[in-house]
Amino acid sequence: MTTGTLYGIGVGPGDPELIPLKAVRVLGQVDLVFTAASTKNDYSLAMEIVQAHIPAGTPVERLEFPMCREQARKEEAWRQHAEHIAGALLAGKSAAFLTLGDPLTYSTYGYVLRHLKAGWPQLDIHTIPGITSYQAAAAAINQPLVEGEESLVVLSGVHGGEKLLEMTRAPENVVFMKAYRNVDGICEALEQVGMADGSVAVSNCSRPDEQVYNDLCGLERRQPNYWTLIIAKRKDHGTQG
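Taking the working numbering, I'd label the letters of the sequence shown as residues 25 to 265.
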């Protein structure tokens, strides 16, 4: 029996009009759609974004992933879901795995993909890239992410600004994903490396409730939500040819 194909689909940051055209075509052809959800609820923003492009009658399975720091528990969930997806593909079904932003940038899909490649190397897997939240955020504030000979560093905000401070030299541009957890720590690190004045926070990028914060002071008191990132630029690096 011919095995099915898995498509990892990046649906973009939130605006349904930012979905890749290839993703729309694939969603109209697959036999099954997988979407990630928290164990705390079954809501999926990725599913909400693409709902109009999934034909009526196409089965949609919500795969629950624990939002915790217990590595063993997360690994087990990734392994179990990879096994479930592999079973569908080996049965000849084609499937899509939905993910926000880009599938290979801070995405649950990346962990599942690793298990699929290790356990079932014969499977046919295609990844369709998507627009990341920080690309959309840069567009929202009309600010280039990186120019000329500059560098761009993308960091997780989970550990605050620790990673930035560990660098021997601060980059010209930095993006903090998941900045909602440690806004104060990130702001303090940006102050130390001289990047605070060139920092902007964006929440709910490309969605109707998008918010832009040009002053990071007091951002913690505003309780920024999960979909918050920070873009920072060294002020001594303007436009370069």
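Heads up, the beta-carbon is just placed ideally off N, CA and C, and yes, glycines get one too.
Taking only three categories from DSSP, how would you classify residue i?
| i | result |
| --- | --- |
| V226 | strand |
| V35 | coil |
| H183 | coil |
| M201 | strand |
| Y237 | strand |
| I73 | helix |
| L113 | helix |
| D148 | strand |
| K46 | helix |
| A80 | coil |
| N210 | The question names Asn, but residue 210 in the sequence shown is Ile. Here I210 sits in helix by DSSP. |
| T252 | strand |
| K98 | helix |
Quick one: residues in its chain with C-beta nearer than 6 Å to the C-beta of residue i, no 5 flanking neighbours on either side, listed in chain order?
| i | result |
| --- | --- |
| L114 | T27 |
| D126 | G34, P153, G154 and T156 |
| V177 | P195 and V198 |
| P40 | I73 |
| Q235 | S227 |
| R97 | P90 |
| Y130 | M201 |
So, are the CB atoms of residue i and residue j less than 9 Å apart?
| i | j | result |
| --- | --- | --- |
| V207 | A161 | no |
| L179 | V199 | yes |
| K187 | L253 | no |
| W102 | V57 | no |
| T59 | S68 | yes |
| G38 | P44 | no |
| H150 | L243 | no |
| R246 | Y237 | yes |
Our contact map puts residue i next to residue j with C-beta atoms below 8 Å; I'd like the distance itself, whole angstroms only.
| i | j | result |
| --- | --- | --- |
| A106 | L140 | 5 Å |
| Q216 | L240 | No, Q216 and L240 are not in contact; Cβ-Cβ is about 14 Å, not under 8 Å. |
| T89 | T63 | Correcting the residue identity first, residue 89 is Phe in this sequence and not Thr. About 7 Å separates the two Cβ atoms, so the contact holds. |
| A112 | A119 | 6 Å |
| S227 | A164 | S227 to A164, Cβ: 11 Å. No contact. |
| G32 | Y133 | 5 Å |
| R258 | G218 | 7 Å |
| A20 | R93 | Residue coverage of the chain in this structure runs from 25 to 265, which leaves residue 20 outside it and unanswerable. |
Between residue i and the ligand MN, is there a pair consisting of the residue's CB and a ligand heavy atom that are separated by less than 8 Å?
| i | result |
| --- | --- |
| M219 | In the structure shown, the ligand MN is absent, as is every other ligand, since no ligand is present at all. |
Tell me which same chain residues have a C-beta within less than 7 Å of the C-beta of residue i, skipping the five on either side of it?
| i | result |
| --- | --- |
| I210 | G181, G184, G185, F200, A203 and I254 |
| Y250 | Y204 |
| K117 | G28, D55 and L56 |
So, at 8 Å on beta carbons, what are the nonlocal neighbours of residue i in its own chain, with the 5 sequence-adjacent residues on each side left out?
| i | result |
| --- | --- |
| A70 | V35, T59, A60, L122, T123 and L124 |
Worksheet entry | Any 3 or more C-beta pairs closer than 8 Å across the region 71-79 and the region 38-49 | yes
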